[in-house]
Amino acid sequence: MANLAGAMAYDVWDGDDEFAAGRLVPLYILVNGQTSPRNTSLDLATQVVALPRDLNRLEPEYQDIVGRCGAWVSIAELSAFLHLPLAIIKIMVDVLLEQGYLGIGAPAQQQIQDLRLLETVLAGLERL
Amino acid sequence: MDRKSVKVVVAGGFGTGKTTLVGSVSEIPPLTTEEILTQASVGVDDVTGVEGKTNTTVALDFGRITISPDVVLYLFGTPGQDRFWFMWDEIAQGAVGAIVLVDTRRLGTSFPAVDYFERRGLPFVVAVNRFYGECLYSQEEIRGALELDPSVPLLWCDARDRDSSKQVLITLVRRAMSRLPVG
Ligand SMILES: Nc1nc2c(ncn2[C@@H]2O[C@H](COP(=O)(O)OP(=O)(O)O)[C@@H](O)[C@H]2O)c(=O)[nH]1
Ligand SMILES: [Mg+2]
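Dropping the structure here:
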């Protein structure tokens, strides 16, 4: 019989322990000369889409983002495609939303209470 | 605009099959994104002094399933270490629920996840990944060890198998539906 107590032993962090003493938080980065952490409420699953706008005045890094938004795409996908950490993508997408280059989908709900949505998801999964 | 994202968290200890499960049901090969972490001292929004500190990154795998023209489901495999709470917080925020994967050889590695979702009140199911087909414990033993509420679904799966992973997802969505207030 296997040893259940042994199996319950925690797997502890086996990487370098430089951070063991403190809590880890996302790093706020300077973007576009802004030093303050923008308080973005963007969720990593929220989707955005390009709006018909002339991109000439945008910096190349921002053009790259809009260029990836021809069809609806999530913040997490943008981060993966462009190899930029989530914290940076969020700040940049926030700027693009503010300036009207991108449109935004529904935010992830605070509390999922939408039975209709869950029924849609269930039906979708059963069709897979 | 009416484009909706639905989130599902895939949690569990290191090597329990999170990335494998995400990959088996996702319509795209799992993608990886990363977050940069720094050590918080006092004020989180104090950016002075960030320079010179060593930063680290944490990787996050995810996949997607297009449910309908308006709805996309995203599956996020959380970093196993329970030190990354804040990432769990963000992923769990507004999520339908969580799948906690368990490897019976190292049951304890999934306990922090069970505890976290329990405390947070997020619907979750526990899926025992049947590595090599062996099963060391009975349902009762696993429930006991993980201190599972009797109402929490516990099922066996093969994370490499699409249908098996799909069943786990379906069980989770049904569980989430059962937890909705009636009416
Ligand atoms: N035999 C077997 N191997 C598996 C199964 N699920 C995952 N693996 C393997 O276990 C290892 C860890 O899986 P992974 O998905 O990377 O775990 P994660 O750390 O939770 O993301 C990989 O080498 C997988 O190929 C399974 O159901 N059976
Ligand atoms: Mg993984």
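Chain order of the listed sequences is A and B.
Mapping the first sequence onto the working numbering, position 88 (from 1) lands on 75, and the numbers just tick up by one.
Mapping the second sequence onto the working numbering, position 137 (from 1) lands on 139, and the numbers just tick up by one.
Quick reminder that beta carbons are idealized off the backbone N, C-alpha and C, glycines included.
Under 8 Å between C-beta atoms of residue i and residue j
i: valine 27 of chain B; j: arginine 164 of chain B; result: yes
i: valine 10 of chain B; j: isoleucine 101 of chain B; result: yes
i: lysine 117 of chain A; j: isoleucine 91 of chain A; result: For residue 117 of chain A there is no data in the structure shown, the boundaries of chain A being -12 and 115.
i: glutamine 34 of chain A; j: arginine 66 of chain B; result: no
i: alanine 32 of chain A; j: threonine 35 of chain B; result: no
i: serine 7 of chain B; j: valine 74 of chain B; result: yes
i: leucine 182 of chain B; j: leucine 112 of chain A; result: no
i: proline 72 of chain A; j: glutamate 37 of chain B; result: yes
i: valine 175 of chain B; j: leucine 109 of chain A; result: yes
i: arginine 121 of chain B; j: proline 155 of chain B; result: no
i: leucine 69 of chain A; j: isoleucine 52 of chain A; result: yes
i: alanine 129 of chain B; j: leucine 157 of chain B; result: yes
i: valine 60 of chain B; j: proline 32 of chain B; result: no
Nearest residue (CA-CA) to residue i, options the options
i: glutamine 169 of chain B; options: B:Asn131, B:Glu149 and B:Glu136; result: B:Asn131
i: aspartate 30 of chain A; options: A:Leu65, A:Ile52 and A:Pro39; result: A:Leu65
i: leucine 105 of chain A; options: B:Pro114, B:Tyr134, B:Val128 and B:Gly96; result: B:Gly96
i: glycine 19 of chain B; options: B:Leu124, B:Leu157, B:Phe88 and B:Asp105; result: B:Asp105
i: leucine 42 of chain A; options: A:Pro94, A:Tyr88, A:Thr107 and A:Ala93; result: A:Tyr88
i: arginine 107 of chain B; options: B:Met89, B:Ala115, B:Glu136 and B:Gly79; result: B:Glu136
i: valine 12 of chain B; options: B:Asp72, B:Phe88 and B:Phe119; result: B:Phe119
i: cysteine 159 of chain B; options: B:Met89, B:Tyr134, B:Ile30 and B:Pro71; result: B:Tyr134
i: glycine 17 of chain B; options: B:Glu29, B:Trp90 and B:Leu109; result: B:Leu109
i: serine 180 of chain B; options: B:Val127, B:Thr58, B:Asp72 and B:Glu29; result: B:Val127
i: arginine 40 of chain A; options: A:Ile75, A:Ala74, A:Gln86 and A:Pro47; result: A:Gln86
i: serine 28 of chain A; options: A:Leu115, A:Ala93 and A:Arg114; result: A:Ala93
i: threonine 22 of chain B; options: B:Met89, B:Pro71 and B:Leu103; result: B:Leu103
i: threonine 107 of chain A; options: B:Ser140, B:Trp90, B:Asp72 and B:Gly146; result: B:Asp72
Nearest-angstrom Cβ-Cβ length linking residue i and residue j, presumed shorter than 8 Å
i: valine 80 of chain A; j: tryptophan 59 of chain A; result: Valine 80 of chain A to tryptophan 59 of chain A, Cβ: 13 Å. No contact.
i: serine 112 of chain B; j: glycine 14 of chain B; result: 5 Å
i: aspartate 77 of chain B; j: phenylalanine 64 of chain B; result: The amino acid at residue 77 of chain B is misidentified as aspartate; the sequence shows leucine. About 6 Å separates the two Cβ atoms, so the contact holds.
i: alanine 94 of chain B; j: leucine 124 of chain B; result: 6 Å
i: glycine 99 of chain B; j: valine 24 of chain B; result: Contact doesn't hold; Cβ gap of about 15 Å is too wide.
i: valine 116 of chain B; j: leucine 150 of chain B; result: 7 Å
i: leucine 83 of chain A; j: tyrosine 49 of chain A; result: 6 Å
Sheet register partners of residue i (DSSP bridge)
i: isoleucine 52 of chain A; result: DSSP output for isoleucine 52 of chain A lists no bridge partner at all.
i: arginine 108 of chain B; result: Answer is none; arginine 108 of chain B lacks a bridge partner.
i: phenylalanine 78 of chain B; result: B:Val11 and B:Phe64
i: alanine 58 of chain A; result: Paired residues: none, contrary to the question.
i: glutamine 34 of chain A; result: A:Ser61
Enumerate, from N- to C-terminal direction, the unbroken alpha helix (DSSP H) stretches of 4 or more residues contained entirely within the stretch 114 to 161 of chain B.
141 to 148
Note down, one range per segment and in chain order, each alpha helix (DSSP H) of at least 4 residues found wholly within the stretch 65 to 89 of chain A.
Runs found: 73 to 85.
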